[in-house]
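Student: The structure follows.
Protein chains in written order, with the numbering used here: chain L, 4 to 133; chain S, 18 to 148.
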């Protein structure tokens with residue numbers, strides 16, 4: 004057995020031994036990945052995993068380093084970038100990824116990326132057409 | 018600053034190019050002759066052809082510490098880097114049929130499934146599927 008495989012076994016024992024918790028985190032992530040464009044509340048996520056909101060946040064953060072809400076936001080911004088780069092308008096992108104307000108979408112996008120969605124679209128969609 | 022290049026040390030650049038393209042499925046991006054038989058040789062993912070480039074660098078042939086480092090990582094079974102795949106079991110079966118040697122079959126590691134193979138150029142490489 005190589006040193007690396009020994010180390011992986013040790014890491015698995017110390018970090019991933021609680022299968023129930025790992026399943027809660029992984030299945031919450033999967034749900035967000037496939038439903039990022041819908042309304043997702045912490046109550047809903049906790050309900051789906053038969054656990055409390057507080058336990059869900061703790062467990063998710065233990066394995067992914069961020070809360071479910073932060074993961075959802077990151078996922079939406081990631082998808083928004085794909086749509087904007089493909090030429091979708093800011094308003095269409097906003098509604099497609101599950102936002103109800105263009106202002107809140109734009110503010111969030113700028114907070115996460117440093118630039119507004121319209122500038123991002125101009126910089127990437129226009130560049131791809133050159 | 019942007020991250021555009023990831024360097025992988027290789028003993029034989031042509032052998033590395035053949036393995037990384039014909040077997041792993043990367044696409045050649047840049048191939049610029051340098052001094053001697055050396056090349057600035059990069060490949061990219063066919064799914065992200067404008068994304069980060071892998072530089073297949075013959076450093077172990079020219080810089081002893083690089084060779085020592087690569088050999089020690091190899092002996093310890095430690096991967097030099099890792100690549101992400103959508104379905105690791107399918108990729109494992111495909112690569113095994115092509116003769117690739119795995120030191121670790123797909124193994125559950127909590128939030129991911131990981132496997133490790135030999136790239137025939139001096140490195141172990143890890144594959145990862147996010148669960």
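Even glycine gets a Cβ: it sits at the ideal position worked out from N, Cα and C.
Residue 66 of chain L to residue 11 of chain L, Cα distance in whole Å?
Tutor: 16 Å
Student: Would you mind reading off the limits of the alpha helix (DSSP H) that contains residue 27 of chain L?
Tutor: 22-38
Student: Expressed to the nearest angstrom, what Euclidean distance is found between the alpha-carbon atoms of residue 40 of chain L and residue 147 of chain S?
Tutor: 20 Å
Student: If you drop the 5 nearest sequence neighbours on each side, which residues of the same chain put their C-beta closer than 7 Å to that of residue 31 of chain L?
Tutor: 48, 52, 59, 63 and 71
Student: For residue 13 of chain L, count neighbouring C-beta atoms within 10 Å of its own C-beta (all shown protein chains included) and say buried if the count is 16 or more, exposed if not.
Tutor: Burial call: exposed.
Student: Is the shortest distance between the beta-carbon of residue 29 of chain L and the beta-carbons of chain S less than 8 Å?
Tutor: yes
Student: Quick one: what's got a C-beta closer than 6 Å to residue 96 of chain L's C-beta in the same chain, skipping five residues either side?
Tutor: 83, 86 and 87
Student: May I have a chain-ordered list of the alpha helix (DSSP H) segments no shorter than 4 residues that lie completely inside the segment 98-148 of chain S?
Tutor: 105-114
Student: So residue 97 of chain L contacts chain S; which residues on that side make the cut at Cβ distance below 8 Å?
Tutor: Neighbours of residue 97 of chain L on chain S: none; closest Cβ ~25 Å, over 8 Å.
Student: Please list the partners that residue 120 of chain S has in chain L, where partner means a Cβ-to-Cβ separation under 7 Å.
Tutor: 5
Student: List the residues that DSSP assigns as beta-bridge partners of residue 23 of chain S.
Tutor: S:71
Student: Residues of the segment 122-140 of chain S in Cβ contact with chain L at a cutoff of 9 Å, in chain order, please.
Tutor: 124, 125, 126, 127, 128, 131 and 133
Student: Under 7 Å Cβ-Cβ, which residues of chain L neighbour residue 148 of chain S?
Tutor: Residues of chain L whose Cβ lies closer than 7 Å to the Cβ of residue 148 of chain S are, in chain order, 29.
Student: Taking the C-alpha atoms as reference points, what is the distance between residue 89 of chain S and residue 38 of chain S?
Tutor: 26 Å
Student: Quick check on the burial criterion: 16 or more other C-beta atoms within 10 angstroms. Buried or exposed for residue 59 of chain S?
Tutor: buried
Student: Which residues in chain L sit within 7 Å of residue 94 of chain S, going by Cβ to Cβ distance?
Tutor: 5, 6, 7 and 8
Student: Between which two residues does the beta strand (DSSP E) harbouring residue 60 of chain S extend?
Tutor: 56-61
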